[in-house]
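Each residue of the sequence shown is one higher than the last, beginning at 33 in our numbering. Notes for the one structure printed next.
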Amino acid sequence: MLEKIMVLMISYVLALGTDIHNLRDAQVRSKMIYFGIIVISLYLSVDYLIKPELPDIHALVDLTLTRPARMIVEFLTVKPI
Numbered sequence: 033m034l035e036k037i038m039v040l041m042i043s044y045v046l047a048l049g050t051d052i053h054n055l056r057d058a059q060v061r062s063k064m065i066y067f068g069i070i071v072i073s074l075y076l077s078v079d080y081l082i083k084p085e086l087p088d089i090h091a092l093v094d095l096t097l098t099r100p101a102r103m104i105v106e107f108l109t110v111k112p113i
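What follows is the structure in structure tokens.
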């Protein structure tokens, strides 16, 4: 587990170290998107490290998009005459 933590820490330090110069001059929207991606990757990293039964991203997408997708399919379904 220590190896996993070290690899993740090195990855994040390298990513932030190379992007920090670009983020200083970036617009607020770009910074929000960048840090949103970082937060998602941190969540997935914690899920990878401690292996709990946390909901994965596909479960979140499934919960939020299943009902609208079914409504669209029902709307577009043609009933036979």
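All C-beta atoms in this analysis are idealised placements derived from N, C-alpha and C, irrespective of residue type, glycine included. Remember, it's a predicted structure, so these values are computed and weren't measured experimentally.
Give me the Cβ distance between residue i and residue j, rounded to the nearest whole Å; I'm assuming they're in contact under 8 Å.
i, j, result
"Lys-63", "Leu-74", "About 16 Å separates the two Cβ atoms, so there is no contact after all."
"Leu-81", "Lys-36", "6 Å"
Along the alpha helix (DSSP H) that carries residue i, what are the first and last residues, could you check?
i, result
"Lys-63", "60-82"
"Met-38", "34-56"
"Thr-96", "89-108"
Flag this pair as yes or no: are the beta carbons of residue i and residue j separated by less than 8 Å?
i, j, result
"Ser-77", "Leu-34", "no"
Spatial neighbours of residue i within its chain, please: C-beta separation below 8 Å, excluding the five flanking residues on both sides.
i, result
"Lys-96", "Reading the sequence as shown, one finds Thr at residue 96 and not Lys. Nothing listed; no residue qualifies."
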